[in-house]
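A short worksheet on the structure shown next.
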Amino acid sequence: MEPIRPGSAGWLALLDQVRPVTAGRGAKLSVAAPQIDPLPFQHTVAIALTDHGKWWDQAYFTATARRVDQIAVMTYDSSMPTEGFYGAYNAYQTELALEATPADVDLLMGLPFYWEDKWGHWGRAETVPAGIRGIRLGLGRQDRDRANFGVGLYVDFAATEENWADYRRDWVR
């Protein structure tokens, strides 16, 4: 479900109600979450200007992560204009997410398995190799031995052979 604005008590209450049901059936409760606010209160300004919350503050991300078995960060549509910026952004998002996610919760960092060129997502910048380089860098800086960590591939029906080759070469290797 999206968008969920940071601070939404209803979202947290829903997770509190759903998790016992999924746990009782032996299923994992998995959610996709927005990116974590790279600057304090940037999400507040973005909501005020655009009426769309692109980021969650780290405390709200933590509150969500504590209520689920798996959380995937949608680290695409970043507006980063180059592969270098996108990689650095992914490194920082990975560090923030690792800080905010309990060790027993699966953490997945999203990779763009689609190509689009528009404001918000520059196809030449948001590439699988750049995303993986950044994720690996953030993981190495923050928690190299983290268990329950991986990447989430969005969206498989738009994936190209090149996306899969990049993934196998840069992540699976």
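In our numbering, the protein residues as written are 2 to 174. Cβ atoms here follow ideal geometry from the backbone N, Cα and C, with glycine treated the same way. Since this is a predicted model, take the numbers as computed values, not measurements.
Under the three-state reduction of DSSP output, P113 falls in the strand class. Here the alpha carbons of A33 and S9 stand approximately 15 Å from one another. Here the C-alpha atom of L138 lies approximately 25 Å from the C-alpha atom of E117. Of all alpha-carbon atoms in F86, Q71 and T23, the one lying nearest the alpha-carbon of V152 is that of Q71. The beta carbons of A66 and V106 sit closer together than 9 Å. Between the C-alpha atoms of P39 and G121 there is a straight-line separation of about 16 Å. Secondary structure of L154 (DSSP, three-state): strand. Taking 9 Å as the cut-off, the Cβ atoms of G132 and L112 count as close.
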